[in-house]
């Protein structure tokens, strides 16, 4: 995979076909297919910032095999587009290697809806407003992301 065109040609928008659920962070934390489908239904018409964020996170996690520490570092400034307009995020790896991840147009549409709701940021995902610090937001942490996903397990049971 040397060119963006080659990467773009390999995109498949059906999540269960692109990556097996068990290969994603959601599967690694223990969500099964029926739980994921319940969450997709729950987030279909989000109301409020948390629901918008959770829907965007769910779809980004379903369509990539990124770990928690990689998802929280996704930035618009670290993205590139191929000739077809598909957005890819550069993920720095060991020894200077760079990987590319594309969540797909639907997931990025949900990220955009989330950011339209809470305010645009270079980071794709932020914390909810912190009442202890005058409603300031900060970068979502790996631990915070894992707590969100663990909460999804309780919702879908």
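Numbering (the numbering used here), first residue to last: 78 to 234. Even glycine gets a Cβ: it sits at the ideal position worked out from N, Cα and C. Since the structure is predicted, the reported quantities are computational estimates derived from the model, not experimental observations.
Worksheet item: So what's residue 232 in DSSP terms, helix, strand or just coil?
Response: helix
What does residue 158 pair with, by DSSP beta-bridge criteria?
164
### Message
For residue 177, report the span of its beta strand (DSSP E) as first-last.
### Response
175-178
query = Could you check where the alpha helix (DSSP H) with residue 187 kicks off and where it finishes?
reply = 182-195
Limits of the unbroken alpha helix (DSSP H) element including residue 141: Run containing residue 141: none; DSSP gives neither H nor E here.
* **Span of the alpha helix (DSSP H), counted from its first residue to its last, around residue 171** => Premise fails: residue 171 is in no alpha helix (DSSP H) and is neither H nor E.
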